[in-house]
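For reference, the structure is listed below as structure tokens.
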Amino acid sequence: MHSIELIPGSARSFVPRYRRPPHLVEAIERQAEELLKKGKVQPSTSASGHNPLLAKKNDGSWRMCVDFKPPNKITVKQKFPMHRVEEILDRLQDSAVYSAFEFAEAFLQIPIHPEGRHKTAFYTRPRKLEYTCMPFGLVNPPTELQRQLNHDFLGPIAEGLMVIYIDDVLVLSRNLQGHLQHLRRALRLLREKQWFVKTQKCLFFMQTISFLGFHVSAAGVEPDPAKIEAIQRWPLPLYTRTDVQKFVGLASYHHNFIPGFASIAAPLTGLLKKEEQFIWTENDDEAA
Numbered sequence: 001m002h003s004i005e006l007i008p009g010s011a012r013s014f015v016p017r018y019r020r021p022p023h024l025v026e027a028i029e030r031q032a033e034e035l036l037k038k039g040k041v042q043p044s045t046s047a048s049g050h051n052p053l054l055a056k057k058n059d060g061s062w063r064m065c066v067d068f069k070p071p072n073k074i075t076v077k078q079k080f081p082m083h084r085v086e087e088i089l090d091r092l093q094d095s096a097v098y099s100a101f102e103f104a105e106a107f108l109q110i111p112i113h114p115e116g117r118h119k120t121a122f123y124t125r126p127r128k129l130e131y132t133c134m135p136f137g138l139v140n141p142p143t144e145l146q147r148q149l150n151h152d153f154l155g156p157i158a159e160g161l162m163v164i165y166i167d168d169v170l171v172l173s174r175n176l177q178g179h180l181q182h183l184r185r186a187l188r189l190l191r192e193k194q195w196f197v198k199t200q201k202c203l204f205f206m207q208t209i210s211f212l213g214f215h216v217s218a219a220g221v222e223p224d225p226a227k228i229e230a231i232q233r234w235p236l237p238l239y240t241r242t243d244v245q246k247f248v249g250l251a252s253y254h255h256n257f258i259p260g261f262a263s264i265a266a267p268l269t270g271l272l273k274k275e276e277q278f279i280w281t282e283n284d285d286e287a288a
């Protein structure tokens with residue numbers, strides 16, 4: 001159960017209601033009603049209030065979330081060690097058979113302590129609602145989710161049979177016979193701990209699999225060709241520090257596969273220094 005602890009002495013978080021175009025209002029209402037039917041939100045009389053937003057998903061549909069920037073500023077930040085991608089990739093060595101799951105609305109599977117629910121209140125057209133489960137947008141859900149998953153699946157994780165990163169799960173084994181046992185154990189824990197996964201995202205007994213943007217197989221770990229193509233096709237030159245930051249962020253995700261990456265990218269990272277004038281040069285073009 002997730003607790004929302006505010007910094008002592010902080011005032012309640014309240015933001016006036018925003019006006020929105022009718023088509024966006026309708027989309028928010030539909031999703032809010034669905035959350036209400038599922039019991040993920042409930043009617044609220046809270047003195048707090050925040051505005052819902054719509055974020056476009058990869059499939060082109062919209063996902064409702066809430067602008068929780070004001071309460072995040074006064075929330076006590078949880079401290080929990082998140083797994084580094086490099087460490088996870090190291091753990092995938094010497095494996096040959098894989099099964100993967102993705103949790104269904106992972107944050108919303110964790111309830112919020114009743115005393116903290118009023119802090120998540122948000123506006124809809126006819127009413128105010130508050131979350132009963134941990135929503136996307138709060139500052140602490142990623143660490144809280146990782147903490148609970150590490151607790152519930154401690155055995156398989158410690159034994160190197162399972163890797164969990166946020167809402168992605170990978171079961172890995174050296175051979176088919178061992179994988180059958182490991183998979184049964186993982187599925188049993190999912191059932192016992194009542195974690196739900198997206199059935200359409202389940203993959204079983206794979207010899208090659210994509211995980212965290214990398215291709216994993218008995219041959220080792222390699223960058224996803226689609227990610228490399230995205231880097232190669234990135235339009236140049238870059239005109240703003242934000243553009244540079246996005247490009248360097250995508251490229252640096254694969255820095256382990258690029259010898260001397262820091263030196264190569266140095267002209268680009270230099271552009272991110274606010275005290276320096278932003279001028280794109282031939283050196284930047286060569287680095288990109």
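Residue numbers (the UniProt record's numbering): 1 to 288. Note that the Cβ used here is the ideal one computed from N, Cα and C, for glycine as well. Bear in mind that the values here come from a model prediction, so they are computed numbers and not experimental data.
Does residue i come out as helix, strand or coil in the three-state DSSP assignment?
{"i": "residue 29", "result": "helix"}
{"i": "residue 241", "result": "helix"}
{"i": "residue 316", "result": "Residue coverage of the chain in this structure runs from 1 to 288, which leaves residue 316 outside it and unanswerable."}
{"i": "residue 111", "result": "strand"}
{"i": "residue 168", "result": "strand"}
{"i": "residue 49", "result": "strand"}
{"i": "residue 161", "result": "coil"}
{"i": "residue 273", "result": "coil"}
Short check: CB of residue i to CB of residue j, under 8 Å?
{"i": "residue 98", "j": "residue 216", "result": "yes"}
{"i": "residue 110", "j": "residue 145", "result": "yes"}
{"i": "residue 328", "j": "residue 48", "result": "As shown, the chain starts at 1 and ends at 288. That puts residue 328 outside it, with no answer to give."}
{"i": "residue 222", "j": "residue 211", "result": "no"}
{"i": "residue 169", "j": "residue 100", "result": "yes"}
{"i": "residue 114", "j": "residue 66", "result": "no"}
{"i": "residue 28", "j": "residue 124", "result": "yes"}
{"i": "residue 236", "j": "residue 244", "result": "no"}
{"i": "residue 71", "j": "residue 119", "result": "yes"}
So who's on the other strand from residue i, going by DSSP bridges?
{"i": "residue 63", "result": "55"}
{"i": "residue 76", "result": "In DSSP, residue 76 forms no bridge with anything."}
{"i": "residue 217", "result": "208, 220"}
Just checking my contact of residue i with residue j at CB under 8 Å: how many whole Å lie between their CB atoms?
{"i": "residue 152", "j": "residue 108", "result": "At roughly 16 Å, the Cβ-Cβ gap does not stay under 8 Å, so residue 152 and residue 108 are not in contact."}
{"i": "residue 63", "j": "residue 69", "result": "Contact flag wrong, Cβ pair sits at about 17 Å."}
{"i": "residue 241", "j": "residue 203", "result": "Actually they are not in contact, since the Cβ atoms of residue 241 and residue 203 sit about 39 Å apart, beyond 8 Å."}
{"i": "residue 46", "j": "residue 121", "result": "4 Å"}
Task: Touch test, the stretch 49-58 against the stretch 176-187, Cβ-Cβ under 8 Å, three pairs minimum - done: With a cut-off of 8 Å, the stretch 176-187 and the stretch 49-58 do not count as touching, because too few Cβ pairs lie within range.
Task: Inter-stretch contact (C-beta, 8 Å, three-pair minimum) for the stretch 71-89 and the stretch 133-143 - done: They touch, by the three-pair rule.
Task: Stretch pair the stretch 166-177 + the stretch 84-95: three plus CB contacts closer than 8 Å - done: Put simply, the stretch 166-177 touches the stretch 84-95. At least three CB pairs are less than 8 Å apart.
- [ ] May I ask you to verify whether the stretch 29-45 touches the stretch 3-19, counting CB pairs closer than 8 Å and requiring at least 3?
- [x] Short answer: they don't touch.
TODO: Answer yes if the stretch 262-269 comes into contact with the stretch 238-248, meaning at least three C-beta pairs across the two stretches below 8 Å, and no otherwise.
DONE: Result yes; three or more Cβ-Cβ pairs closer than 8 Å.
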